[in-house]
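Heads up: the structure comes next, in structure tokens.
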Amino acid sequence: NPPGLPGQDAPRVGNSCYAWGVGYTTLEPMNRRNRSKLAGNASAASPGKNMPAGDKHSTPPQAQSARASSWWATILAAAIIALAAVAAYQNSFAGAFLLDDNVWIVENTSIRHLWPIWPVLFPPNATVVSGRPLVSFTLAVNYALGGTNVWGYHAVNLAINVLAAWTLFGIARRTLMLPRLREQFGAAATPLALAATLVWTVHPLQTAAVTYVIQRTEALVGLFYLLTLYCVIRDATSTSRTIGWRLAATT
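Take 1171 as the starting number for the sequence shown in this note's numbering and just add one per residue.
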């Protein structure tokens, strides 16, 4: 402290000192008590830091409710798509094998077993399913479950069609929710995607791919093409740094 008048100490008032009629403020040493004060003031100024750990990153109730509603709307749309497909194609389940169905299924000995798997996926002799391991595998599964009962083959074809329709619904919905389209179509993304998917699912152009058994080859191509697009969209809009969707798109 600067000296006061001769023979006198500079009087203190709190943290202020007066010397020769001039006032100024001094700094107290940063002792433990002052550190506690500063810590208390900082905590009071930042109320968010005093929140419990579970509430710090909690989702507001309104956001949770909107997310739940969106989830249920998506499930309902998927159920409607599946029911529409069954209603449109259920009368084809009793249809007999036609044309190439006989060569690919009835007369094809490479699908008569599931094990060992390698001859099923890649028949040793040149057959109609050579070079199409996934098609051959699905036919072998059908044969293992029901022989040449045509009902099972039609059921698998319909399942492939439904999976493709669900994938298309996801593509349409997420496309409408992209930043460039969200403001205009985001609120109606689910119903719009549902309407477009229903038209695609029951359109007459799909008839051959669903009801003609061996056209499963084309149905599988369409399914995996749509799955690739869906994975690309998911990867492009993902906020995480994982590469799962990217790997799925290139597999």
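Beta carbons: idealized from backbone N, C-alpha and C, even for Gly.
For the 8 Å CB-CB criterion, Y1313 and R1282 form a contact.
Taking the Cα positions, L1390 is about 22 Å away from A1363. Taking C-beta separations shorter than 7 Å and ignoring five residues to either side along the sequence, the partners of Q1385 in its chain run A1378 and A1379, following chain order. Taking one beta carbon from each stretch, the stretch 1262–1279 and the stretch 1311–1331 have 3 or more pairs nearer than 8 Å; the two touch. Contact annotation: the stretch 1284–1291 does not touch the stretch 1249–1266, with fewer than three C-beta pairs closer than 8 Å. Within its own chain, the residues whose Cβ lies closer than 8 Å to the Cβ of A1358, once the five positions on either side in sequence are excluded, are L1346, listed in chain order. In the DSSP annotation of this structure, V1383 is not part of any alpha helix (DSSP H), being labelled neither H nor E. In this structure, the CA atom of L1253 is about 17 Å from the CA atom of G1340. Where T1421 is concerned, there is no enclosing alpha helix (DSSP H), because DSSP gives it neither an H nor an E. If you ignore the 5 residues before and after T1360, its C-beta comes within less than 8 Å of the C-beta of S1240, A1243, T1244, A1247 and R1343, all in its own chain and listed in chain order. The Cβ neighbour count for A1329, taken over all protein chains shown within 10 Å, is under 16; the residue is labelled exposed.
In the three-state DSSP reduction, E1353 falls in the helix class (H, G or I). In the assembly as shown, I1413 is an exposed residue. Its beta-carbon has fewer than 16 other beta-carbons within 10 Å.
In the same chain as N1327, and ignoring 5 residues on each side of it, the C-beta atoms closer than 7 Å to its own belong to V1380, V1383, R1386 and A1389, in chain order.
Between the alpha carbons of Y1400 and L1417 lies a gap of roughly 12 Å. In this structure, L1284 lies away from T1337, with their beta-carbon atoms at least 8 Å apart. Residue range I1287 to L1291 is occupied by the alpha helix (DSSP H) that includes W1288.
By the CB criterion at 8 Å, T1371 and I1251 fall inside the cutoff. Under the DSSP assignment, H1324 falls in the alpha helix (DSSP H) whose first and last residues are V1320 to L1346. Around the beta carbon of Y1259, 16 or more other beta carbons sit within 10 angstroms, so the residue counts as buried. Straight-line spacing of the CA atoms in A1366 and P1294 works out to 44 Å. Straight-line measurement puts the Cα of S1280 at about 44 Å from the Cα of R1411.
In the three-state reduction of the DSSP assignment, E1277 falls in the coil class, being assigned neither a helical nor a strand state.
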